[in-house]
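Q: To start, I am sharing the structure in question, which I have written as structure tokens.
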Amino acid sequence: MCETSDFELHSNLASDGIVLGAFPLCQVLLIDDANYPWFVLVPQRPGIVELSDLSETDYQQLWQESRVFCGFLRSALRPDKLNVATLGNITPQLHVHHIARFETDAAWPKPIWGVEEAKPYTDQALSELTGLLASTQLENFTPSN
Numbered sequence: 072m073c074e075t076s077d078f079e080l081h082s083n084l085a086s087d088g089i090v091l092g093a094f095p096l097c098q099v100l101l102i103d104d105a106n107y108p109w110f111v112l113v114p115q116r117p118g119i120v121e122l123s124d125l126s127e128t129d130y131q132q133l134w135q136e137s138r139v140f141c142g143f144l145r146s147a148l149r150p151d152k153l154n155v156a157t158l159g160n161i162t163p164q165l166h167v168h169h170i171a172r173f174e175t176d177a178a179w180p181k182p183i184w185g186v187e188e189a190k191p192y193t194d195q196a197l198s199e200l201t202g203l204l205a206s207t208q209l210e211n212f213t214p215s216n
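Following the numbering used here from start to finish, the sequence shown increments by one per residue and tops out at 216.
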């Protein structure tokens with residue numbers, strides 16, 4: 072099994088995301104676009120492109136962490152729908168999008184890509200979101216400092 076110390080976040084994810092913390096397997100990023108509560112779980116394994124590249128144990132761990140994170144999003148944000156998907160046509164590193172969707176968002180009910188220009192989070196909004204995540208005490212989640 073690959074160690075997380077060999078892991079490097081793809082430059083696209085690093086430039087678009089804010090690291091909020093990590094589960095045992097996945098880093099949790101917030102995509103810096105306040106138009107949508109949009110998070111990405113990234114397995115901390117080098118060279119992983121597809122779900123099938125994960126070991127069976129890591130595959131199961133990824134979906135367990137996703138399930139826990141979805142529970143947080145549903146209870147904390149109360150979205151109308153959660154969109155969870157593995158897309159990677161531009162960024163090849165395996166990452167799983169978790170997007171809280173609301174009937175009132177600009178893209179509803181269509182996909183969010185290309186609808187609105189990205190609007191960075193304000194310091195206050197980011198602080199509120201990270202505080203909410205830290206106070207929830209998610210199972211096996213360690214918030215970033």
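Heads up, the beta-carbon is just placed ideally off N, CA and C, and yes, glycines get one too.
Note that the coordinates shown come from a computational prediction; the quantities given were computed from them, not determined experimentally.
Which one or two residues does DSSP pair with Leu200 in a beta bridge?
A: Here the question's residue 200 lines up with position 129 in the sequence shown. None, per the DSSP bridge assignment.
Q: So, is Val120 buried or exposed, given that buried needs 16 or more other C-beta atoms within 10 angstroms?
A: Counting from one through the sequence shown, the residue named residue 120 turns up at place 49. Burial call: exposed.
Q: Note down the Cα distance separating Leu112 from Leu200, rounded to an integer number of angstroms.
A: Within the sequence shown, numbered from 1, the residue matching residue 112 stands at position 41. Within the sequence shown, numbered from 1, the residue matching residue 200 stands at position 129. The alpha-carbon atoms of Leu112 and Leu200 are separated by roughly 16 Å.
Q: Smallest Cα separation from Thr207: which of Asp176, Arg172, Phe143 and Ala178?
A: Taking the sequence shown and counting its residues from 1, one reaches residue 207 at position 136. When only C-alpha atoms are compared, the closest one is Phe143.
Q: Taking Cβ to Cβ, would you say Ala189 is nearer than 8 Å to Asp104?
A: For the purposes of this step, residue 189 is identified with residue 118 of the sequence shown, where counting begins at 1. For the purposes of this step, residue 104 is identified with residue 33 of the sequence shown, where counting begins at 1. Cβ atoms of Ala189 and Asp104: closer than 8 Å.
Q: Helix or strand or just coil, what does DSSP make of Trp179?
A: Along the sequence shown, one-based indexing puts residue 179 at 108. Coil at Trp179, not helix or strand.
Q: Please state the DSSP three-state secondary structure of Gly159.
A: The count along the sequence shown starts at 1 and reaches residue 159 at position 88. Here Gly159 sits in coil by DSSP.
Q: Give the range of the alpha helix (DSSP H) segment to which Phe48 is assigned.
A: In the structure as shown, the chain begins at 72 and stops at 216. Residue 48 is therefore absent and cannot be evaluated.
Q: Give the DSSP-derived three-state secondary structure of Gln195 in the structure shown.
A: Locating residue 195 in the sequence shown gives position 124, counting from the first residue. Gln195 falls in the helix class under three-state DSSP.
Q: Looking only at its own chain, which residues have a Cβ that is under 6 Å from the Cβ of Pro108, when we skip the five neighbours before and after it?
A: Taking the first residue of the sequence shown as 1, we reach residue 108 at position 37. Counting only Cβ-Cβ distances below 6 Å, and skipping sequence neighbours, we find Leu148 and Ala171.
Q: Leaving out five residues on either side along the sequence, give the residues of the same chain with a beta carbon under 8 Å from the beta carbon of His169.
A: Within the sequence shown, residue 169 is the residue found at index 98, counting from 1. Excluding sequence neighbours, His169 sits near Trp109, Phe110, Val111, Leu112, Ser137, Phe140, Cys141, Leu144, Leu153, Asn154 and Val155.
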